[in-house]
Each structure stands twice: as structure tokens, then as C-alpha cells.
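Protein chains in written order, with this note's numbering: chain F, 27 to 467; chain V, 27 to 467.
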């Protein structure tokens, strides 16, 4: 056994404390696999006195993570502060400047600055491990970067946010399997319950508006396609507008609704999008429920592969952090995004208007003669062909509001957005139409 | 870029040809990820003249793979011959003796000689890559050895043989979703069809008798638990006795039947078993159908993770072979089973008699007074408690044969085998009872 790998840990929240606990509880097994001990030497957090249930007395303490990154007696800095700017970014840059590799769970940082940081790391002969930044404990970064390294990846997509998947699953399950559809809870009620249970943050915007998924997707895209990280090119739509009604209709039509991040190569351009999707039941990803995450990668030789596990939480995230540390302890300093950062290409973006798929539409219209004819005319004029239309049980009486559900054949986003604008102009349309894209994987 | 990694390929069947094709078609991407070119320099096969659709003229040819392993101008030998003894084993040993690392898809070889070969490799400063030996294109070896390296793994199990999973899926689907149960095909008919389609070998014994699954399981066990490979300790039962009737009853009871390989640690002992299992629908692994494979690994920090993909075929297997080659090209020479081979422990085996689970039993009995009382008495005497019994629709008349389906509560294999022997003694029992173990993951 050689000398221990010395670690400085910045940020001692849930994941930081979990990482210290894992490194301590499984120290022997970790040393056997790493070929040497992995030893924490320094820590930094906002509050030294807070009780985290772990003994910090053996570690050098730093109030300032940036100072720790620069000066600690450590080979690697683990960054668990979070946030794309501020101390997290400064500490990572300082560690790399000091020639130390970095392990981080910070998807926002890599989504915004991944290319530059990868170049800085590789210039300094270091690496950045970020297995914990995407899909928690699932070793998907390693899977894509190394396990599928022989393949050209054409598409990668997944359920990347456990909060959203928990909410959508709860909306779908209602009071459990077989529950009366009328018991289905609407989005706000399920979100409140998720917050009470600790599955959603007090400020849930990053999760439910799709930003967190988009951060992770931007990282997967760079890794899968060997291109620069381009967060700004991700089309992002969250799940706030998904209603219990949509969930019920999806089920009736043989689908479930999932928030997916999807990246694919289309004629040399890259499409990155995050939005609620109708996924046909029976698809492997349709049965990934609750807080679980899953990633599907399609390679030219391996075909379709799927990876599933817990996407968050102290244990799974610590598992990913420690996997990266063991790699570094073994001497693996792979290129951050699989190929040399200097070789990451800037690929053109396929704009969302040119995205093409089938659509689910839900309109709320006044139940009066001619409405369906008007709705159909809008679609016809936009050259969108309908696969099915569902208008069931009329309201109390003529002039009441009724939902109309339309499934279209494949068309472009541009055509669909044109039709949506026209729907809004119809006198009988009572609210903006709901649109959910149907994926056909 | 440094000098190319030079490869000698032994065995040019489907997988060998697929590997050459992948190395050639994706050469540029592979070089970018490996940091250098991966170049085939020598090949060996039984027949030089056979048309494989690939140009072999640029490679040094060897009639004898063992000679190639010793003498070729190569850094790594890829062994795709197969078989636990003979030329495959000799070639691997020769390559390691010559200080060359080995990449192999040969599960039989590693199941029987894995520990010794790992020790030889590590003694010579080499490694053995065997991603292709288990679950085809799914990067499960890398996942366990590196991705989950921070965890203590308590259990690993999976669908490891695509032929069996295809047959069981076909028996379950019958003529497709929603087919009349009467159209269900029995085992022999589906096997014949699978052979016609190329999903089963002309001599299907290794697959359908569970031996292939057991080979792969023995490898996963060593890797997951850090112990010596112990193929002889695997309890093995294949799928020949699974009937269309069992598949239909399973479905009715909310289960499907899968051939699983299961390895778990039970109080410091290791249990390794391969047998048909009743898996409750809704479990992620229950929806892994057709030729797909899946592996589930439970770690103490990461919790449950699942990996799914194609378990066989030229493309997926070549993908796994090339992933190992890229690792070696990058300079990664990890311990073969995750920890130094010298440190692999010999763990005690939990004998099958002590296995404990719930059971599905199907008896064929004469429909006459007292039969059910006799059957119940056997279970009572063995202290096995019934969860349910199903005896529906009587036969033509008294004295005809009718199936009786029993689901038991958890009991030991020893108790159950005792009961089975007693059932055989009952006059009304017409054939040996069918037993399928119910898994509760």
C-alpha cells in the first residue's frame, strides 16, 4: 500500500456528512479497492459548531473553502457547497490552480462552467470527478465515459430529478394502486406533501421548473457527444402545469407523464430539451417511479442501455463521490468529458421550433355547436393531422366548459405553436391549451 | 498521442468479427477516448479462408492462438474462442506469461479459473478485462468494480441469459399482448422457435439448464463480495420444467417467471443460486423482457441500482470488449476482481437446504375425496404454512387429474424438499410436483 490519498471536504451538509460517514464506515473496503487509504485531512463549512453527528476533531478546519482549496494538506478537494458561482466556483478554481483534482456534486457549476473548468483541470494535469452531479448514486458518468466508450452515442435521456418524478408518480398513483381517479391529487397538493416529507425543497423552483434536470442534461450531452457544455442551448419546461386531469387522460390513453431530459444528435446538430413527456406504458423508463432516477443511452454498437437507482440523498450521493475518489486514488485521471477538453467541439443547436413529435393537447372549450369544427379547422390549417380526439360526457348544459383531448400525429413544434396561438384566439377556448409532447423511444 | 495499443484477436466468430468492425468503424472516436489508437495487429481463428465480411489482410495471421498469445506483436490479447479449457485457457495463460493483458468474453473460463488467472495476471503486472463475459453490452463489471466501489454489496442478482429470458417472455406473451391464455406455447415449442430465429443454440443445454447464468453469477459474486470465484458452490436449476401452465398461473397470481442468478451475503456466508423465480409484477426486473439482460446490485450506501441492456450479440459484446481495451489503452490496470487477487477471501457457502423463501407448488392430483386433506397434511407435518391454494374447475369427473396450485409462506428449502418427497408418496399425486421459488426483493 502506498501513501493515503488526502481529501479536503468543502461543505458539510447532508451529502458532506454522508461522505465522511461512508469514508469512515467502509474505510477498509475502500482501501482494498483503492489500493491505499482514502483519508480526510481538512474540512470547511459555514458553521463549525453545528452538530452533524460526526466527529470533526481530527480534521484541519477552514472557515473559508477557497483558502482550504489553496492551502490544505490534501491531494483532492471534494466540493459539496453547491451553486454555479461564488465560493463553490472559487474553491474549485483554487484547488485546480494548486494542482489538486476536484470531486464535486455540483451540477449547476458544471452546467455553466464545465468546459472552462475541464480545460483548467487538464491543463494542470488534474481531473474533475462529478459522478455525484448527475443521477445520484447511478454510475452513469462512468457508464457513458468508460463503459460505452467504444460507441457513438446517438441519444441519451432520462428521469434526472427525483422531486419531479416523485410528484408525477404521486399524482398518478393518487391514493395508491387502484385508487379512484377522482382521488387523484392535483400538482399543488402533491408538491405540499412532498415538501412536508422532505422530498421537495421549501423553494422548489430549481426542481419543478426543470432547471436542475437541464443542468444534468447539459453535462450528459457534453459527455455523450464529446462537445462543449452548452446549458443555454437547453429548452426547459417544468411540471407546474401538469394537472391531475392530464395524468388521468394519459393513463387512459396508455401513457404516463414523466419529466425527461433528452439529448440527441440530429443531422450533426444537437437537440437538448427538458419537458414533461407522455411515455408509453411498457417502456422501461415508464416504470421508474417515485424518487428514482433512470438514464437511457443508445449507442451504435451496444444498442439501448438503461441505468436506474436513487437520484439523491446522502447515501447514494456519497457513494458517487467516493467512487470518484477511489478512481483518483488508483491513479486514474481521465479527461473530464471523456475526450481531451481541448478537443470538445462546439456543435450546432437544433432549435426547438424544428423539433418534431406527436402531441397531446387538452383544450377547455365551451360546449356549443361548432366548437369542434373550429378546433379541427385550426389543426387542419396548421397541417397537423389528428390521431384521435376525445370529448366525453357533456357538461351540465350547452355553454358549459368541457375538456377536449387531442392526440396528433407527428408534426413540428413550429406548426404546433402556430396552432396554439390560433386556439387562444377562438372565442370558445377558455384557457391556454395544455400541450404535452409524446416521446416515441 | 502516444503509440497505438496493439491488439491480437483470438477467435473470429460473430463477436470477433463484430469487435474488428467496431474498432475500424469507430476508430477515430475510440482514439479520442483512449488517448491513442487501438490497432489490431494479429488475428487467429480456425479457418483462415472463411468469409467474415472483413478484410484480414492487414493482420499477422496465426493458426494457433497459443502461439499468437506468446509471439504476436501485441500489447493485449483479446480471447473470443470460448470454453473453460483447451485453447482458450492456454492462450490466456500464454498471453499473461508473456506479460500481455487479456480481454475476454469467456465466462466459462473465468467461472472455473478466475481466481488463478487473476493471480497470474496481477503477478505479471497485467490485467484481465471481462466486461463482455457478463450481461453483454451492459457495463456491469465496471459498475460494480468502480461505480459502486465505495459500497459493501449485500446482494447482486439478475437476468443473465437472453435465451432463457426470450423463451420465458414468449411463453408468457403467447401470441402477443392480450393473447388468449390457451394460445400460450409450451417450453418445447418456444425453444424450437427460438432456435429457428437464432436466439437459441442448436445445443441449448448451457443456456436453458442455467449453466451459462451460473458462470456469470460466479463472476459477479467474486467481484461484488471480494471473494474467490466459486462456481462449484452455485446451486443450478434451469427452465426446462417450466410449463405453460405455470406461466399462466404466475400471471394470474400477479407474478412473472424469470430465470435469475442471485448472490447474497447471509451472516458471513455466501449464497449463490440460479433457478426459475416468481417475480412480482411491478418490480423493475419483472419488466425486462425478451433477449434483454438486467443486473440489480444493492449497496449499503447507494441502495438499489439496476442496469439493463442487450446481453448478447455481436454489437453489444464488441462494445464491452472495446470498453476494456480503451481502459487498458488509458493505462488502467485495475485488480481483476476489484481488490488485489491475493486478498480474495474464501467465504463459506450457505448450502441450498438452508435457503429460505416462499414457494409456488403445482401438483397434479387425482380429483377424489380426501386428496386436498392429504396434501394439506403433508405441508402441516413439514411445518409449512400455506398462503393460498387454488384448485379450480374440476376435471371431467371424479378420478380425473386436476392441478392444485399452492403458494406457501416463507419456509426453508430443507422443509420443502421433505414435503416434496412426501407428496411423491401420495397415491393421488400423478407426477413430481413443480416447485418455483418466489423472490421478494
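The beta carbon of each residue, even a glycine, is placed where N, CA and C say it ideally should be.
Can you find a heavy atom of the ligand ZN that lies under 8 Å from the Cβ of residue i?
i: residue 239 of chain V; result: With respect to the ligand ZN, the structure shown offers nothing to examine, as it has no ligands at all.
Under 8 Å Cβ to Cβ from residue i, same chain only, skipping five residues before and after it: list those, please.
i: residue 60 of chain F; result: 31, 351, 352, 355, 356
i: residue 365 of chain V; result: 252
i: residue 435 of chain V; result: 384, 410, 411, 412, 413
i: residue 29 of chain V; result: 62
Would you please verify whether the beta carbon of residue i is less than 9 Å from any beta carbon of chain V?
i: residue 52 of chain F; result: yes
i: residue 356 of chain F; result: yes
i: residue 201 of chain F; result: Because residue 201 of chain F sits at a pLDDT of 43, beneath the cut-off of 50, its placement in the model cannot be relied upon, and the following sentence gives the value as read from the coordinates. It does not: the Cβ of residue 201 of chain F has no partner Cβ on chain V nearer than 9 Å.
i: residue 204 of chain F; result: The pLDDT assigned to residue 204 of chain F is 49, lower than 50, so where the model puts this residue is not dependable; a value taken from the coordinates is nonetheless given after this. So no, residue 204 of chain F is outside the interface.
i: residue 313 of chain F; result: yes
i: residue 280 of chain F; result: no
i: residue 42 of chain F; result: no
i: residue 48 of chain F; result: yes
i: residue 325 of chain F; result: yes
i: residue 369 of chain F; result: yes
CB residue i to CB residue j, shorter than 9 Å?
i: residue 339 of chain V; j: residue 44 of chain V; result: yes
i: residue 276 of chain F; j: residue 180 of chain F; result: no
i: residue 347 of chain V; j: residue 155 of chain V; result: yes
i: residue 322 of chain F; j: residue 449 of chain F; result: no
i: residue 293 of chain F; j: residue 164 of chain F; result: no
i: residue 382 of chain V; j: residue 437 of chain V; result: yes
i: residue 429 of chain V; j: residue 391 of chain V; result: yes
i: residue 172 of chain F; j: residue 349 of chain V; result: yes
i: residue 68 of chain F; j: residue 101 of chain F; result: no
At a CB-CB cut-off below 8 Å, which residues of chain V make contact with residue i?
i: residue 349 of chain F; result: 172, 173, 174, 175, 176
Residues of chain V with CB under 7 Å from residue i, in chain order?
i: residue 331 of chain F; result: 163, 164, 334, 335
i: residue 232 of chain F; result: Neighbours of residue 232 of chain F on chain V: none; closest Cβ ~23 Å, over 7 Å.
i: residue 353 of chain F; result: 172
i: residue 168 of chain F; result: 168, 172, 173
Residue i touches chain F at which residues, Cβ-Cβ below 9 Å?
i: residue 31 of chain V; result: Under the 9 Å cutoff, chain F gives no residues; its nearest Cβ is about 13 Å from residue 31 of chain V.
i: residue 35 of chain V; result: None at all; the shortest Cβ gap to chain F is about 14 Å.
i: residue 477 of chain V; result: Nothing can be reported for residue 477 of chain V, as the shown portion of chain V is limited to 27 through 467.
What residues from chain V crowd round residue i, counting only those whose CB sits closer than 9 Å?
i: residue 56 of chain F; result: 175, 176
i: residue 286 of chain F; result: Within chain V, no residue comes near residue 286 of chain F; the closest Cβ sits about 17 Å away, beyond 9 Å.
Contact criterion: CB-CB distance below 9 Å. Does residue i meet it with respect to chain F?
i: residue 467 of chain V; result: no
i: residue 100 of chain V; result: no
i: residue 316 of chain V; result: no
i: residue 345 of chain V; result: yes
i: residue 342 of chain V; result: yes
i: residue 59 of chain V; result: yes
i: residue 157 of chain V; result: yes
i: residue 328 of chain V; result: yes
i: residue 184 of chain V; result: no
i: residue 425 of chain V; result: no
i: residue 140 of chain V; result: no
i: residue 236 of chain V; result: no
Looking only at its own chain, which residues have a Cβ that is under 6 Å from the Cβ of residue i, when we skip the five neighbours before and after it?
i: residue 148 of chain F; result: 367
i: residue 379 of chain F; result: 439, 440
i: residue 177 of chain V; result: 325, 326, 327, 328
i: residue 204 of chain V; result: Confidence at residue 204 of chain V is low in this model, with a pLDDT of 49, below 50, so its placement is unreliable and no value can be given for it.
i: residue 359 of chain V; result: 153
i: residue 344 of chain V; result: 44, 45, 48
i: residue 371 of chain V; result: 253
i: residue 290 of chain V; result: 181, 297
i: residue 416 of chain F; result: 431
So, for residue i: in the same chain, excluding its five sequence neighbours on each side, which residues have a beta-carbon less than 7 Å away from its beta-carbon?
i: residue 287 of chain V; result: 183, 184, 186, 239, 240, 242, 243, 300
i: residue 458 of chain F; result: 450
i: residue 40 of chain F; result: 340
i: residue 255 of chain F; result: 136, 137, 140, 141, 244, 245, 248
Using a C-beta to C-beta distance shorter than 7 Å, which residues of chain F count as neighbours of residue i?
i: residue 360 of chain V; result: 356
i: residue 310 of chain V; result: 313, 334
i: residue 365 of chain V; result: 58, 59
Complete runs of the alpha helix (DSSP H) confined to the stretch 333-373 of chain V [at least 4 residues]: Runs found: 340-355.
Inside the stretch 175-225 of chain V only - alpha helix (DSSP H) runs reaching at least 4 residues: Complete alpha helix (DSSP H) runs here, min 4: 188-199, 213-223.
Any alpha helix (DSSP H) of 4 or more consecutive residues that is wholly inside the stretch 233-279 of chain F: Listed in chain order, they are 237-251, 270-278.
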